[in-house]
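In my numbering, the protein residues as written are 1 to 150.
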């Protein structure tokens with residue numbers, strides 16, 4: 001890693017000092033650019049918040065596996081408040097809604113899955129869950145078409 005006390009010959013004068021420290025390390029540079037992208041998108045950049053959201057998500061996921069869907073919903077909503085950028089958090093919340101509420105949870109689960117797919121249009125678990133929601137809502141033909149496209 002190159003630690004620079006002044007501007008690099010190939011770095012713009014406006015580049016933050018942190019970027020100058022990592023400019024020669026591709027991994028650190030990629031991490032830094034990802035952090036800047038999160039910041040620009042209004043997403044959390046505080047690693048403590050991101051890890052807290054992940055921990056709460058993990059607890060919610062475990063609650064789903066133990067059939068405690070209502071409690072899982074509460075945790076997963078909390079994780080999403082902390083970090084709404086993770087498609088898998090949305091998918092887990094939609095699963096808790098479907099498993100816990102059955103047909104009554106379909107509409108809201110569909111909306112949550114749509115958010116996951118907006119974040120990541122290629123998220124396979126989200127697409128499969130959307131097909132499940134479609135089938136549960138009685139649109140079996142659309143569900144089959146979606147699965148065939150995968």
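From the three backbone atoms N, C-alpha and C, an ideal C-beta is built for every residue, glycine too. Since the structure is predicted, the reported quantities are computational estimates derived from the model, not experimental observations.
Nearest neighbour of residue 129 by Cα position, chosen from 54, 108, 113, turns out to be 113. In this structure residue 39 is exposed. Its beta-carbon is surrounded by fewer than 16 other beta-carbon atoms within 10 angstroms.
Assignment of residue 90 by DSSP, reduced to helix, strand and coil, places it in the helix class. Residue nearest to residue 120 within the set 90, 30, 26, 60 is 90 (criterion: CA-CA distance).
Inter-residue distance for residue 35 and residue 138 is about 42 angstroms (C-alpha atoms, whole angstroms).
Rounded to the nearest angstrom, the Cβ distance from residue 93 to residue 127 is 16 angstroms, too far for a contact under 8 angstroms.
Listed in chain order, the alpha helix (DSSP H) elements of length 4 or more contained wholly in the stretch 22-91 are 26-40, 47-65, 69-82. In the three-state DSSP reduction, residue 135 falls in the helix class (H, G or I). An exposed status is given to residue 24, since fewer than 16 other beta-carbon atoms sit within 10 Å of its beta-carbon. Measuring C-alpha to C-alpha distances from residue 70 to each of 54, 105, 125, 52 identifies 105 as the nearest. By the C-beta density criterion, residue 75 is buried, having at least 16 other C-beta atoms within 10 angstroms.
In the three-state scheme derived from DSSP, where H, G and I count as helix and E and B as strand, residue 150 is classed as coil.
Inter-residue distance for residue 85 and residue 132 is about 23 angstroms (C-alpha atoms, whole angstroms). Rounded to whole angstroms, the separation of the alpha carbons of residue 29 and residue 116 is 27 angstroms.
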